[in-house]
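Counting in our numbering, the sequence shown runs from 4 upward without gaps. The beta-carbon is built from N, C-alpha and C at its ideal position, and this holds for glycine as well.
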Amino acid sequence: MTATPAAPHLREDLLTPRFYTTEIEKAARTSLHHQRPAFEAMLAEMQADYNRDHFDRRVPLDRLRDLSAEEKEAYESYLVRSCVSEFSGFLLFKELSRRLKQASRPELSELFQLMARDEARHAGFLNRALVAEGIMIDLPSLSTKRPITWFPLSWVLYSVYLSEKIGYWRYILIDRHLKANPGNNFAPLFDFFEPWCQDENRHGDIFNMLIRCWPQLRRGLRGKLLSRFFLWSVFLTHSLTVCERGNFYKILGMDPNLFDAEVMRQTNRTASRAFPWVFDLETSDFVDLRDRIVATFRQMKQAGGLQKLGLKLRFASLLLRQVSQPMRATEAGAQEATA
Ligand SMILES: [Fe+2]
Ligand SMILES: [Fe+2]
Numbered sequence: 004m005t006a007t008p009a010a011p012h013l014r015e016d017l018l019t020p021r022f023y024t025t026e027i028e029k030a031a032r033t034s035l036h037h038q039r040p041a042f043e044a045m046l047a048e049m050q051a052d053y054n055r056d057h058f059d060r061r062v063p064l065d066r067l068r069d070l071s072a073e074e075k076e077a078y079e080s081y082l083v084r085s086c087v088s089e090f091s092g093f094l095l096f097k098e099l100s101r102r103l104k105q106a107s108r109p110e111l112s113e114l115f116q117l118m119a120r121d122e123a124r125h126a127g128f129l130n131r132a133l134v135a136e137g138i139m140i141d142l143p144s145l146s147t148k149r150p151i152t153w154f155p156l157s158w159v160l161y162s163v164y165l166s167e168k169i170g171y172w173r174y175i176l177i178d179r180h181l182k183a184n185p186g187n188n189f190a191p192l193f194d195f196f197e198p199w200c201q202d203e204n205r206h207g208d209i210f211n212m213l214i215r216c217w218p219q220l221r222r223g224l225r226g227k228l229l230s231r232f233f234l235w236s237v238f239l240t241h242s243l244t245v246c247e248r249g250n251f252y253k254i255l256g257m258d259p260n261l262f263d264a265e266v267m268r269q270t271n272r273t274a275s276r277a278f279p280w281v282f283d284l285e286t287s288d289f290v291d292l293r294d295r296i297v298a299t300f301r302q303m304k305q306a307g308g309l310q311k312l313g314l315k316l317r318f319a320s321l322l323l324r325q326v327s328q329p330m331r332a333t334e335a336g337a338q339e340a341t342a
């Protein structure tokens, strides 16, 4: 972060989005054989670029309403986090596009290039909203300063699929809420969320197609473990972030806990079209455990010494219980088993 001294809410912590890279040689071996029609359809949709004129760079993104210092902090921290997360997607897609081109996979390279185009627009738009707040983030230098996490290809496919779909649900639920409660719409940025979330939805569909190119990733124990771990970790990160930074949702007139639960429910339901297993959120203790995890997380931040150790142990045991909650087999998994 430059230009402004890093205020506490702009400092990085565990919940700040990370930058990723993956096994590119393996990605270059992706077989489109059985997914050819889906691939062509997705590529044509991306080339059509429905949102070409949507992210109008001339629209002023200044806040419409004065916020209290605390609210301003919540809004800015939301912007920073979202901007870094969009930029992290841009970097991953751009790198994949570049390396897939070198590996003589021009079509796949183009698909990633088009997704990078969208993420660059999203990050750029959020960056403009930050500039309107008087905050400059030097994104390119941030990417060279921060460590880049390496993930196997299977992890990237599962986790990026989920982050695109959870992104879709986050944007669309905020959009629907603000359309129903226009009085809470305090910044022009939010008027752009509907077509924006369609970009994320498309990216998620592309990752669903890419997962299908690797059928073994959805089979047997491996498919179940990948589904369980990524759904759980993406939901946990979401819950901790939304509840930690709940003030932002309160300014929008939303209940952070209800928003988090709805985002999880919808994303879990959507994921049943891609993953072989999803959580059984309706009948299990998953969401109740979320409340206890968030409460313990908050206490841990206040506590010290032995009390902190006790809370850490409780936190770990709650996490273990949550990740072990019952799952149900999906139709997407059943197709794979019989394919
Ligand atoms: Fe995006
Ligand atoms: Fe995306």
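Here residue 338 is exposed, its C-beta having fewer than 16 other C-beta atoms within 10 Å. Residue 31 is positioned such that its CB atom lies no closer than 8 Å to that of residue 84. Residue 172 is classed as buried because its beta carbon has at least 16 other beta carbons within 10 Å across all chains shown. Residue 142 and residue 90 have their C-alpha atoms roughly 7 Å apart. Under the three-pair Cβ rule at 8 Å, the region 236-250 does not count as touching the region 193-201. Shortest gap from the CB of residue 125 to any heavy atom of ligand 1: under 7 Å. Residue 332 sits in a strand when the DSSP states are folded into three classes. Within its own chain, the residues whose Cβ lies closer than 7 Å to the Cβ of residue 303, once the five positions on either side in sequence are excluded, are 311, 314, 315, 318, listed in chain order.
Residue pairing by DSSP places residue 151 opposite 22 in a beta bridge. Under DSSP, residue 281 forms a beta bridge with 331. Look at residue 28: its beta carbon is at least 7 Å from all of the heavy atoms in ligand 2. The three-state reading of DSSP puts residue 56 in coil, since its state is none of H, G, I, E or B.
One thing to note: residue 214 has its Cβ within 8 Å of the Cβ of residue 277. Put simply, the region 56-69 does not touch the region 97-104. Fewer than three CB pairs are less than 8 Å apart. Under the 10 Å beta carbon count, residue 202 is surrounded by 16 or more other beta carbons and is classified as buried.
Those residues that have a beta carbon less than 5 Å away from any non-hydrogen atom of ligand 2 are, in order along the chain, 167, 203, 206. From the listed residues 187, 128, 233, the smallest Cα separation to residue 167 is found for 233.
Within 10 angstroms of the beta-carbon of residue 162 lie 16 or more other beta-carbons, which makes it buried. The residue from 239, 42, 38, 54 with its alpha-carbon nearest to that of residue 323 is 239.
Ranking 186, 46, 50 by CA distance to the CA of residue 68 puts 186 first.
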